[in-house]
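Number of protein chains: 2
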Amino acid sequence: MKISSTVRRNMQVNGQGTATIFGERQHTWAQFGDRIARLAAGLSGLGLDSGDRVAVLSLNNDRYMESYFGVPWGGYVLVPINTRLAPPEIEFWLNDSGSTVLMVDEAFVEMVPKIQAHLETVKHVVFLGDGPVPKGMISFEGLLEGVSPSEAADTASDDLAMLYYTGGTTGRSKGVMLSQHNVLYDALLFAPTVGYRDHSVYLHAAPMFHIADGTCTFAIATAAGTSVIIPGFEPKAALTAIQDHKVSVTLWVPTMINMAMHYPGVEDFDLSSMVDMMYGASPMPEAVVRRAMEVMPHTRFHHAYGQTESAPILTMLAPDRHIPDTDTGKFGSCGQALLGVELKIVDEDDNEVPAGTVGELCARADNVMLGYWRQPEMTAFALRNGWLHTGDGARMDDEGFVYIVDRVKDMIISGGENVYSAEVEDAIYQHAAVAECAVIGIPHDKWGEQVHAIVRLHDAQQGDKSVGEQAIVDHCHSLIAAFKCPRSVEFSTAPLPLSGAGKILKTELRKPFWADQEKAVH
Amino acid sequence: MKISSTVRRNMQVNGQGTATIFGERQHTWAQFGDRIARLAAGLSGLGLDSGDRVAVLSLNNDRYMESYFGVPWGGYVLVPINTRLAPPEIEFWLNDSGSTVLMVDEAFVEMVPKIQAHLETVKHVVFLGDGPVPKGMISFEGLLEGVSPSEAADTASDDLAMLYYTGGTTGRSKGVMLSQHNVLYDALLFAPTVGYRDHSVYLHAAPMFHIADGTCTFAIATAAGTSVIIPGFEPKAALTAIQDHKVSVTLWVPTMINMAMHYPGVEDFDLSSMVDMMYGASPMPEAVVRRAMEVMPHTRFHHAYGQTESAPILTMLAPDRHIPDTDTGKFGSCGQALLGVELKIVDEDDNEVPAGTVGELCARADNVMLGYWRQPEMTAFALRNGWLHTGDGARMDDEGFVYIVDRVKDMIISGGENVYSAEVEDAIYQHAAVAECAVIGIPHDKWGEQVHAIVRLHDAQQGDKSVGEQAIVDHCHSLIAAFKCPRSVEFSTAPLPLSGAGKILKTELRKPFWADQEKAVH
Numbered sequence: 000m001k002i003s004s005t006v007r008r009n010m011q012v013n014g015q016g017t018a019t020i021f022g023e024r025q026h027t028w029a030q031f032g033d034r035i036a037r038l039a040a041g042l043s044g045l046g047l048d049s050g051d052r053v054a055v056l057s058l059n060n061d062r063y064m065e066s067y068f069g070v071p072w073g074g075y076v077l078v079p080i081n082t083r084l085a086p087p088e089i090e091f092w093l094n095d096s097g098s099t100v101l102m103v104d105e106a107f108v109e110m111v112p113k114i115q116a117h118l119e120t121v122k123h124v125v126f127l128g129d130g131p132v133p134k135g136m137i138s139f140e141g142l143l144e145g146v147s148p149s150e151a152a153d154t155a156s157d158d159l160a161m162l163y164y165t166g167g168t169t170g171r172s173k174g175v176m177l178s179q180h181n182v183l184y185d186a187l188l189f190a191p192t193v194g195y196r197d198h199s200v201y202l203h204a205a206p207m208f209h210i211a212d213g214t215c216t217f218a219i220a221t222a223a224g225t226s227v228i229i230p231g232f233e234p235k236a237a238l239t240a241i242q243d244h245k246v247s248v249t250l251w252v253p254t255m256i257n258m259a260m261h262y263p264g265v266e267d268f269d270l271s272s273m274v275d276m277m278y279g280a281s282p283m284p285e286a287v288v289r290r291a292m293e294v295m296p297h298t299r300f301h302h303a304y305g306q307t308e309s310a311p312i313l314t315m316l317a318p319d320r321h322i323p324d325t326d327t328g329k330f331g332s333c334g335q336a337l338l339g340v341e342l343k344i345v346d347e348d349d350n351e352v353p354a355g356t357v358g359e360l361c362a363r364a365d366n367v368m369l370g371y372w373r374q375p376e377m378t379a380f381a382l383r384n385g386w387l388h389t390g391d392g393a394r395m396d397d398e399g400f401v402y403i404v405d406r407v408k409d410m411i412i413s414g415g416e417n418v419y420s421a422e423v424e425d426a427i428y429q430h431a432a433v434a435e436c437a438v439i440g441i442p443h444d445k446w447g448e449q450v451h452a453i454v455r456l457h458d459a460q461q462g463d464k465s466v467g468e469q470a471i472v473d474h475c476h477s478l479i480a481a482f483k484c485p486r487s488v489e490f491s492t493a494p495l496p497l498s499g500a501g502k503i504l505k506t507e508l509r510k511p512f513w514a515d516q517e518k519a520v521h
Numbered sequence: 000m001k002i003s004s005t006v007r008r009n010m011q012v013n014g015q016g017t018a019t020i021f022g023e024r025q026h027t028w029a030q031f032g033d034r035i036a037r038l039a040a041g042l043s044g045l046g047l048d049s050g051d052r053v054a055v056l057s058l059n060n061d062r063y064m065e066s067y068f069g070v071p072w073g074g075y076v077l078v079p080i081n082t083r084l085a086p087p088e089i090e091f092w093l094n095d096s097g098s099t100v101l102m103v104d105e106a107f108v109e110m111v112p113k114i115q116a117h118l119e120t121v122k123h124v125v126f127l128g129d130g131p132v133p134k135g136m137i138s139f140e141g142l143l144e145g146v147s148p149s150e151a152a153d154t155a156s157d158d159l160a161m162l163y164y165t166g167g168t169t170g171r172s173k174g175v176m177l178s179q180h181n182v183l184y185d186a187l188l189f190a191p192t193v194g195y196r197d198h199s200v201y202l203h204a205a206p207m208f209h210i211a212d213g214t215c216t217f218a219i220a221t222a223a224g225t226s227v228i229i230p231g232f233e234p235k236a237a238l239t240a241i242q243d244h245k246v247s248v249t250l251w252v253p254t255m256i257n258m259a260m261h262y263p264g265v266e267d268f269d270l271s272s273m274v275d276m277m278y279g280a281s282p283m284p285e286a287v288v289r290r291a292m293e294v295m296p297h298t299r300f301h302h303a304y305g306q307t308e309s310a311p312i313l314t315m316l317a318p319d320r321h322i323p324d325t326d327t328g329k330f331g332s333c334g335q336a337l338l339g340v341e342l343k344i345v346d347e348d349d350n351e352v353p354a355g356t357v358g359e360l361c362a363r364a365d366n367v368m369l370g371y372w373r374q375p376e377m378t379a380f381a382l383r384n385g386w387l388h389t390g391d392g393a394r395m396d397d398e399g400f401v402y403i404v405d406r407v408k409d410m411i412i413s414g415g416e417n418v419y420s421a422e423v424e425d426a427i428y429q430h431a432a433v434a435e436c437a438v439i440g441i442p443h444d445k446w447g448e449q450v451h452a453i454v455r456l457h458d459a460q461q462g463d464k465s466v467g468e469q470a471i472v473d474h475c476h477s478l479i480a481a482f483k484c485p486r487s488v489e490f491s492t493a494p495l496p497l498s499g500a501g502k503i504l505k506t507e508l509r510k511p512f513w514a515d516q517e518k519a520v521h
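Just so you know, the protein sequences line up as chains R and Z, in that order. Position one of the first sequence corresponds to residue 0 (numbering that gives the first Met the number 0), numbered consecutively onward. Position one of the second sequence corresponds to residue 0 (numbering that gives the first Met the number 0), numbered consecutively onward.
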């Protein structure tokens, strides 16, 4: 499968259909195909060779989506950069990937001069925003103007197309190498089943630099459907976009759904066009999905689980399992192996464990990465014995439903017992006053680690003395084993820190506690 | 993608679900997986090496389906044999493919001793029928009994898995080499969209030796659904199977639909379970599909077009185009490029032609064959410039809808079977009295087309009453399969009309027969 083939097919079967909508700007698939072939020609004119890396540091926009297709059309490799990184981290990603082109929008124009001195390989900075082109930068539209559309590069489907960096919570960030086949195959495994069609309208509200939205970009494109793009997730803008453009499908992370479903006046928006909502990238508290099902009773919810290394989706919990009233006990699962994906759970010696036993989840499928960029040893370790080792602790029931118990590294070991933070968080979220929470391990002289909760209450409950530490702990005791209950609870009035992908940054929360400790990896 | 992965996933996600139903015999996916791993072990015990060919000559049954998966599980190649061939043709397929194992059911037991002396490579004959095992044959169940299930062979997804033979327009049959990836990818391109799910029930009524049913075999398997298998198409048996097993999806050729929809008492069958009916493999007269939509008003119809060389589906006309009352003019089209498939129409110099112009339909996608078995020159020609040249004349409108205007120039489609006129002509020419002949398709109410021969005898035999219609037909029966033999023979005393290049002008010969028909192109 090739990315260029997808676009050419769309020009043929839905040429006059809308490909992208960004603000007032719209392009048909015929225009989209013309533009990406010009983008490839423009990049070639900058002297790029096949396989060269092109980085994008930008909020969501239609040119970002054009880069997703135009860069591989030219035989180059796209490197989407997390917009929440600090400058030294951005420098590292750009230098490590050896990117020769950096594309930025308005939001990052001011950062460029600050980091430029530290960039080892970037030769050209392309401005993909609107308005005047900043000095020293090349205009995106200018790149497209003076050239004829190029023929698609003669690439192989196994050629590297995307280099997504992962957070590197256990240390250094690393680039995940995904081929054209990896990303298109992943899209093909879920898009037709979820219901991506040529009349579908997908909302890009999750960040385009993240593979969760990235795979949906390929999904809506393989279906020849329409992409509505907003710069980033903001509840009112997202709800308005759904209403205005009759959005039918999207992928949000749980924190986005939580924010939108509690947005004042959410009931006044017409969300009836939303047929399919995918969610994933972090555990979904049951209370949040119940709330979403109340607000959007006509919507089918799909829980997707995966990781960048598998481009990314590995399992899906289908809509017919999202019915708490007739709960079959699968609601807390992230579903079954996606069609086309093989899964198993292994012990520390890489032997498959029986159903019900916790171990490391492993996967084998065509969406599994080529490897880590310039990290042959880490690649060999992650892909040992022919299986992707996800690093996620999980169990599988006898019907193949997978339950993620925790990131192996988010697991808390307290007094010799394994405590999975996700399970504790799920209990805390069931308290009506809780808006947001995170559970981490903090140092304890006797137990090694102690279960610690950080909680933010809903605005109305802020300062309510009846909802104190003891109330939260008592609430947990009514739901989970004593050894899992928090020993300490800390209240925050500020929102908890989020990663660019919308995940709570536990590394940040752990730092003050572990600053003096050896176990800094936590 | 690997065939073994599909089965392993099904054992995990739907192990207790029904995989196959054949008469009174049923197997779950857990049992199916166990049985195919034993079949692979049993074949290995016969001394087979990786890549060896295993041919099947049988009516439909559940063991045929097990062979579809067990043979590649062991790293071997399946060669499904057309059950309507004459013995010399079967010998050719077996020898050309170099098959070392031949599996037959009751229907072909008697043929084995007749052909065995001419078989150059077959070492073992396996009996996959029921009842006593014929002398000299190995019992299919016996192969499975004495062995432990084997691990799946360590094959690559691009390894050869299936060898389907097609009739050759230039005479000789050739083997189409399809990889594991080819066949699974094809299934993945249509199965989720058409609605193959784990609760789907597929009816194998079309012959399992043909790739039309073959791709649906992979489709229902990737979805972890259920296969109901009947020995072959017979209207009452097929309608009864739909009713009894609540069949939800199937693929029939138009003649099957025609026969079933006009079966006396068809209205008395409960066909309400049938959600999706695919049809293809020959042109569908509009009256037939209208009749089918009357009898099965709740069914969604999908018109599939393709060829063995593309494993096989290239286009699909979706259900929303099957509404004659609100006809959008697309009803006579075979639809648009399947998601994941690129199509173009080219002139004789391989240049793409504008919309509306007739040329040769070409395709590029992951379901395109590896090539023709041991025919590197024919392979290079069929796949020249990186595209599969279908040999089908077609035009495409400006929305990408494909209209086949002339099948491979001289091919006749009679009752869903492809008859290559050159092959029939070859047989007729072997009659000593024949000076010249041409074989064409003429309209037939039931079969779509009928094989018709126009013959000019040598001057000395002109008027010889011993060389009449029956003599020519009898002569053909001694050389080729019954379905290929002419149903009518016309004698001409004048030379047949020739083109400037000296080729017989079949278009001229067809004209009087098709003058009153819509499909004048034939």
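Every residue gets a Cβ at the ideal spot worked out from N, C-alpha and C, and that includes glycine.
Proximity of Z/Q242 to chain R, defined by a Cβ-Cβ separation below 7 angstroms, is not satisfied. Taking a Cβ-Cβ cut-off of 8 angstroms, Z/V367 has no neighbours in chain R, whose nearest Cβ is about 12 angstroms from it.
Sequence-distant partners of R/S138 (beyond 5 residues in either direction) whose C-beta falls short of 7 angstroms from its own C-beta, in its chain, are F126, V132. R/S66 has its alpha-carbon roughly 7 angstroms from the corresponding atom of R/L77. One alpha carbon belongs to Z/V70, the other to Z/I89, and they sit about 20 angstroms apart. By the rule that beta-carbons nearer than 7 angstroms mark a contact, Z/R394 does not touch chain R.
Restricting attention to Z/D397, Z/H443, Z/V103, Z/M64, the CA atom closest to the CA of Z/G213 is found in Z/M64. Z/L338 has a beta carbon lying within less than 7 angstroms of a beta carbon in chain R. Taking a Cβ-Cβ cut-off of 8 angstroms, the neighbours of R/V12 in chain Z comprise Q335, A336, E398, G399, given in sequence order. At a cut-off of 7 angstroms, the C-beta of Z/M176 has no neighbouring C-beta in chain R. Contact check for Z/G399 against Z/Q335 passes: the beta carbons are separated by less than 7 angstroms.
For R/P191, the closest Cβ of chain Z is nearer than 7 angstroms.
Using beta-carbon distances, Z/T216 does not count as an interface residue toward chain R, since no partner is under 7 angstroms. With contacts defined as CB atoms closer than 7 angstroms, Z/T154 and Z/A186 fail to qualify as a contacting pair. Contiguous alpha helix (DSSP H) elements confined to the segment 162 to 221 of chain Z occur at 179 to 193, 210 to 221, taking only those with 4 or more residues.
Rounded to whole angstroms, the gap between the alpha carbons of Z/V404 and Z/L382 is 22 angstroms. Between R/L183 and R/F107 a beta carbon distance of about 29 angstroms is seen, past the 8 angstroms cut, so the two are scored as non-contacting. Against chain Z, a Cβ distance below 9 angstroms from R/S4 picks out G339, V340, E341, R363, A364.
Using a CB distance below 7 angstroms, the part of the segment 180 to 205 of chain R facing chain Z consists of L187, P191, T192, ordered along the chain. Taking 7 angstroms as the CB threshold, Z/T356 stays off the interface with chain R. Rounded to whole angstroms, the Cβ separation of R/F490 and R/V450 is 16 angstroms, and the two are not in contact under 8 angstroms. Counting along the chain, no alpha helix (DSSP H) covers R/A116, and no H or E run does either.
R/R7 has a beta carbon lying within less than 7 angstroms of a beta carbon in chain Z. For Z/T221, the chain R residues whose C-beta falls within less than 9 angstroms of its own C-beta are L338, G339, listed in chain order. Assignment of Z/F400 by DSSP, reduced to helix, strand and coil, places it in the coil class.
Nearest neighbour of R/T82 by Cα position, chosen from R/E150, R/F208, R/E424, turns out to be R/F208. Listed along chain Z, no residue sits closer than 9 angstroms to R/M64 by beta-carbon distance, the nearest being about 19 angstroms off.
Nearest in C-alpha terms to Z/C484, of all of Z/E422, Z/A152, Z/K235, is Z/E422. Under the Cβ criterion of 7 angstroms, Z/M410 is not counted among the residues facing chain R. Straight-line measurement puts the Cα of Z/R320 at about 6 angstroms from the Cα of Z/F330.
In the DSSP assignment, Z/I453 falls outside any alpha helix (DSSP H) and within the unbroken beta strand (DSSP E) covering 447 to 456. Contacts with chain Z at 7 angstroms (Cβ-Cβ) include R/M0. Leaving aside the five residues that flank Z/L508 on each side, the residues in its chain whose CB is nearer than 8 angstroms to its CB run, in chain order, A437, I439, I453, L495, P496. Contact between the segment 365 to 376 of chain R and the segment 222 to 237 of chain Z is absent: fewer than 3 CB-CB pairs across the two stretches fall below 8 angstroms.
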